[in-house]
Amino acid sequence: MYPPPHHQTTDKEKIISVIEYYPLATLVSVADNFPFTTQLPIVYYSETGKLVGHIDRENPQIITLFNGANVTVLFNGPSGYISPSIYTTKQLPTYNYITAKITGMIKLIDNAEEVKKSMVRMTSFLEGNNPKFELDHNDVKMDRLIHYIQTFEIEIDSFEGKFKLSQDKIEVDYENAKAALVKNATKDISGFIEKLYSSN
Numbered sequence: 014m015y016p017p018p019h020h021q022t023t024d025k026e027k028i029i030s031v032i033e034y035y036p037l038a039t040l041v042s043v044a045d046n047f048p049f050t051t052q053l054p055i056v057y058y059s060e061t062g063k064l065v066g067h068i069d070r071e072n073p074q075i076i077t078l079f080n081g082a083n084v085t086v087l088f089n090g091p092s093g094y095i096s097p098s099i100y101t102t103k104q105l106p107t108y109n110y111i112t113a114k115i116t117g118m119i120k121l122i123d124n125a126e127e128v129k130k131s132m133v134r135m136t137s138f139l140e141g142n143n144p145k146f147e148l149d150h151n152d153v154k155m156d157r158l159i160h161y162i163q164t165f166e167i168e169i170d171s172f173e174g175k176f177k178l179s180q181d182k183i184e185v186d187y188e189n190a191k192a193a194l195v196k197n198a199t200k201d202i203s204g205f206i207e208k209l210y211s212s213n
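For reference, each letter of the sequence shown is one residue, going 14 to 213 in my numbering.
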């Protein structure tokens, strides 16, 4: 069986945590045996147990998103190279990561008021606990914008997580790998970002 069982989880609460901490998802769908993918934020509604997102109507993937369409949604948590130097025992190099895979069925939302509510709610969620901006439901720009986006919800069929966290190592090495993953997730990326934003 692959991946190894000790890397897999169906613990719904843990998988939802990945979705909440890392809401930028890859939406995967298929038409005529051709895969479509789009990166976009998708949020989990705890009261309905569904995922909700928005996609540009000009996106070619829109042809695959219809009521009843099956989709896969991938959420990637923290990841990083694990050097054998962190272990107290002799090991080989590896790469640890956390991912969540959701499969489900699309339902399109076209009611203008519901679309605006979902946009306001997503913005509030993404702003976090110390919001600097609040999207106004009655902003006239919203009325123009909603004609260019398709809102959808996903009725979830399955939750699957793969948490490769050195679970097969002894306790002290497992803890060292966990610390390395945290360090990698919080490392300074200013130089990397500067390079990406620099003019050619």
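Even glycine gets a Cβ: it sits at the ideal position worked out from N, Cα and C.
Here the structure is a predicted model, which means the values were calculated and not measured.
According to DSSP, is residue i part of a helix, a strand, or is it coil?
{"i": "glutamine 163", "result": "strand"}
{"i": "phenylalanine 138", "result": "helix"}
{"i": "glutamine 21", "result": "strand"}
{"i": "tyrosine 58", "result": "strand"}
{"i": "isoleucine 122", "result": "strand"}
{"i": "leucine 64", "result": "strand"}
{"i": "threonine 199", "result": "coil"}
{"i": "serine 30", "result": "helix"}
{"i": "glycine 204", "result": "helix"}
{"i": "glutamine 104", "result": "coil"}
{"i": "lysine 154", "result": "helix"}
For residue i, which residues of its own chain have a beta-carbon under 7 Å away from its beta-carbon, when the five flanking residues on both sides are left out?
{"i": "lysine 63", "result": "Glu166, Ile167, Glu168, Ile169"}
{"i": "arginine 70", "result": "Tyr161, Ile162, Gln163"}
{"i": "isoleucine 32", "result": "Tyr57, Phe88, Ala113"}
{"i": "alanine 190", "result": "Ile95, Ile99, Asn109, Leu178, Ser179, Lys182"}
DSSP puts residue i in a beta bridge; with which residues?
{"i": "serine 92", "result": "Tyr110"}
{"i": "isoleucine 115", "result": "Val86, Phe172"}
{"i": "threonine 39", "result": "Gln52, Leu87"}
{"i": "aspartate 69", "result": "Ile162"}
{"i": "phenylalanine 47", "result": "Ala44"}
{"i": "lysine 177", "result": "Tyr110"}
From residue i to residue j, what does the alpha carbon distance come to, in whole angstroms?
{"i": "glutamine 163", "j": "alanine 192", "result": "41 Å"}
{"i": "glutamate 147", "j": "leucine 87", "result": "28 Å"}
{"i": "methionine 155", "j": "lysine 129", "result": "7 Å"}
{"i": "serine 92", "j": "isoleucine 111", "result": "6 Å"}
{"i": "glutamine 52", "j": "lysine 103", "result": "39 Å"}
{"i": "asparagine 72", "j": "valine 185", "result": "48 Å"}
{"i": "serine 179", "j": "glutamate 26", "result": "21 Å"}
{"i": "proline 16", "j": "glutamate 173", "result": "12 Å"}
{"i": "proline 36", "j": "tyrosine 100", "result": "32 Å"}
{"i": "threonine 22", "j": "lysine 175", "result": "6 Å"}
{"i": "leucine 158", "j": "aspartate 149", "result": "13 Å"}
{"i": "aspartate 24", "j": "valine 153", "result": "42 Å"}
{"i": "lysine 145", "j": "proline 18", "result": "42 Å"}
{"i": "histidine 20", "j": "lysine 208", "result": "35 Å"}
{"i": "threonine 199", "j": "tyrosine 210", "result": "20 Å"}
My understanding is that residue i touches residue j, with C-beta atoms under 8 Å, so please give their C-beta distance in whole angstroms.
{"i": "valine 41", "j": "phenylalanine 138", "result": "About 22 Å; that fails the 8 Å criterion."}
{"i": "asparagine 80", "j": "lysine 120", "result": "6 Å"}
{"i": "tyrosine 34", "j": "glycine 90", "result": "7 Å"}
For residue i, which residues from the same chain have a beta carbon less than 6 Å from its beta carbon, with the 5 sequence-adjacent residues on both sides left out?
{"i": "methionine 14", "result": "Caution is warranted here: a pLDDT of 41 is assigned to methionine 14, below 50, making its placement in the model unreliable, and the coordinate value is therefore given only provisionally. Closer than 6 Å at the Cβ level, and outside the excluded window around methionine 14, lies no residue."}
{"i": "threonine 50", "result": "Thr39, Val41"}
{"i": "aspartate 45", "result": "none"}
Leaving aside the five residues before and after residue i along the sequence, list all residues of the same chain whose C-beta is less than 8 Å from its C-beta, in chain order.
{"i": "tyrosine 108", "result": "Ser92, Gly93, Tyr94, Ile95, Lys177"}
{"i": "proline 54", "result": "Pro36, Leu37, Ala38, Gly66, Met135, Leu139"}
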